[in-house]
Amino acid sequence: MPNAASKTAITPRRDEDFPEWYQQVVRAAELAEPSDVRGCMVIRPWGYGIWENMQRQLDVMFRATGHRNAYFPLFIPLSYFAKEAEHVEGFAKECAVVTHSRLEVDVDGKMKPASALSEPLVVRPTSETIIGASYAKWVQSYRDLPILINQWANVVRWEMRPRLFLRTTEFLWQEGHTVHETEAEARAETKLILDLYERFVRDHLAIPVFIGEKSESERFPGAVQTLSIEAMVQDRKAIQAGTSHFLGQNFSRASGIQFQNREGKEEFGWTTSWGVSARLVGTVVMMHGDDDGVVLPPRIAPTHIAILPITPKEETRATVLETCDKLARELRAVRYADVPIEADVDRRDLGGGTKNWEWIKKGVPLRVEIGPRDLEKNSVEVSRRDQAVKAKESMSMREFVRRAPEILDSIQQNLYEHARKFRDENTRMLDSKKEFYDFFTPKNSEKPEIHGGFGLAHWNGSREVEDQIKNDLKVTIRCIPPAAAGEPGRCIFTGEPSPRRVIWAKAY
RNA sequence: CGGGCUGUGGCUCAGCUUGGUAGAGCGCCUGGUUCGGGACCAGGAGGCCGUGGGUUCAAAUCCCACCAGCCCGACCA
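For our numbering, count along the first sequence from 1 and bump the result up by 3.
Below is the structure:
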């Protein structure tokens, strides 16, 4: 039995069992829980609030770059879906298919599907084809271009191994779909969005990422080029945090998106698609969480400040609560990162530290205690989630209201610096095959400890090497950094020439 | 979809080998003592033991079938 000082809010600790720790944190923080529907989850208000904040920020950024939101159908006629060969092949195994339009009571009294559809409908695993059908109608002339549309939607991919937020059968995301007049324009769009994603996760989620291009084997089915941002979470595995695809004319051909160009000739449009999903919520948990639960970057916290009334004596109770409400009102009049500060007074009738620990587990950036002793001095006790649980700073109420945005900002910065340091410490140049295998092989194969990280190594560009490494170590190329990022060398597996190092890691 | 395991109050599980009226811890409710660190004491509610069939005087327990979930192998944001 651990003593009180060493007891953590979450069992097991990260270093004991990271996947289990993650599940416990998601549950303890009331972010989400498994539903009765296999592979699907219920996102609870605290988790959904985080997602809504991400949405709000991304929406601002999409708008600022000329994109507009729209909405397309959940169902895709099978014939549409089948138009792009690689695309179908890539997604076929994980499609949910609607085949009937009615339920009837059969002889046993059970409900049975009846009235088969003339054409089955695929529940969208992604929307390139159904959106392409609309775009084909909308585009006739180069004057109709570009089309820059985003949709917020749910999609379904029939995955075998669900994990809350990280991989579920149904998930929430945004998918942008654009059409351009020229290849160069479409490629620029793909890069623009990648950079936008990088900025978003850095500035709002406090997540440092590497950017780059996917190798052929990891590319989106049907894409010419897939770019991604790759983050390292605390078990040193990589997680893809966003993708942006240059689709060439593949989907235009499939959907018939054609226009008359400036020379009066018919030409297929150049398209892109890009997305991030609610997986980012899970990424934030794995990125910043500690053994006491979630640690939220202030910019996406549904509540910035939890105000906790301390009411030991009945006679001061009313005054303490009034003071808390007053503080909350004053804080809400202050803006942080373009929104009013969200301050909640937790007046639930719960004992002592219980409330405090609930907010710790939820990862609220700041906790403020107000008790009878503070009343006299007009002060508050402030605790930061990025510091030790028991660390408290006393300051006057006025000073706290004034400094709140600055303190939140400092937490945001702190989380980013911490994450970047962790990533850099666990990113290594690997210059020989032996070094590579050592880096990615657990010391204790019975119970693999957290090991490895990002390995930067030269590669000859072949699929065979990739397959071999994946087979041996479950390590894959996360991305190939931009050309400017490195110098040529020799493949550490074959000795053949390599234009630059690529990033290897175990991945989610 | 192939191989191994498990289904018992909201959660984690014991009970099953050797059939005989359903248990614990946590959580929940009530009352009291507490409250500036996840409290304590007392009382209480809550279960067709996954579903269907069989064996038996008697099934959570034995047998058969089905269903669901978990773990391991091929995929993904």
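Even glycine gets a Cβ: it sits at the ideal position worked out from N, Cα and C.
Per DSSP, the beta bridge partners of Gln154 are Glu178.
Three or more Cβ pairs closer than 8 Å define a contact, and the stretch 244-255 falls short of that threshold against the stretch 463-474. By the C-beta density criterion, Ser130 is buried, having at least 16 other C-beta atoms within 10 angstroms. Rounded to the nearest whole angstrom, the CA to CA distance from Leu195 to Ala281 is 21 Å.
Contact check for Val126 against Ile53 fails: the beta carbons are separated by 9 Å or more.
Taken atom to atom, the span from the alpha-carbon of Phe223 to that of Trp462 is near 21 Å. Burial check for Tyr74: the Cβ neighbour count within 10 Å stays below 16, so the residue is exposed.
Distance between Arg493 and Lys96, taken at the CA atoms: about 38 Å.
In this structure, Glu372 keeps its C-beta atom at 9 Å or more from the C-beta atom of Asn381. The criterion of a C-beta distance shorter than 9 Å is not satisfied by Trp161 and Leu175. Taking a 10 Å sphere around the C-beta of Trp141, we find fewer than 16 other C-beta atoms and assign the residue as exposed. Nearest Cα to Val367 within the set Met57, Leu411, Val91, Glu233: Leu411.
Around the C-beta of Asn153, 16 or more other C-beta atoms lie within 10 Å, and the residue is accordingly described as buried. When rounded, the separation of the alpha-carbon atoms in Glu438 and Arg164 is 32 Å. Restricted to the stretch 176-237, the beta strand (DSSP E) segments that are unbroken, complete and at least 3 residues in length are 213-216, 228-235, listed in chain order. In chain order, Gly69, His70, Thr181 place their CB closer than 6 Å to the CB of Leu151, counting only its own chain and leaving out the 5 sequence neighbours on each side. Rounded to the nearest whole angstrom, the CA to CA distance from Pro491 to Asn447 is 35 Å. Within 10 angstroms of the beta-carbon of Pro301 lie 16 or more other beta-carbons, which makes it buried. Just so you know, the alpha carbons of Ala391 and Phe168 end up roughly 27 Å apart. Scanning the stretch 314-382 for uninterrupted beta strand (DSSP E) segments of 3 residues or longer gives 346-348, 369-373, listed from N- to C-terminal end.
The shortest C-alpha to C-alpha distance from Asn429 to any of Arg265, Glu333, Lys509, Leu230 is the one to Lys509.
In its chain, beyond the 5 residues on either side, Asp62, Phe65, Ile152, Asn153, Gln154, Trp155 have a beta carbon closer than 8 Å to the beta carbon of Asn72. Looking at the DSSP output, Leu34 sits in no beta bridge, so it has no partner there.
Taking C-alpha positions only, Glu122 is separated from Arg105 by approximately 14 Å.
Residue burial annotation: Thr357 is exposed, with fewer than 16 other C-beta atoms found within 10 angstroms of its C-beta.
Per DSSP, Gly458 is one residue of the beta strand (DSSP E) stretching across 457-461.
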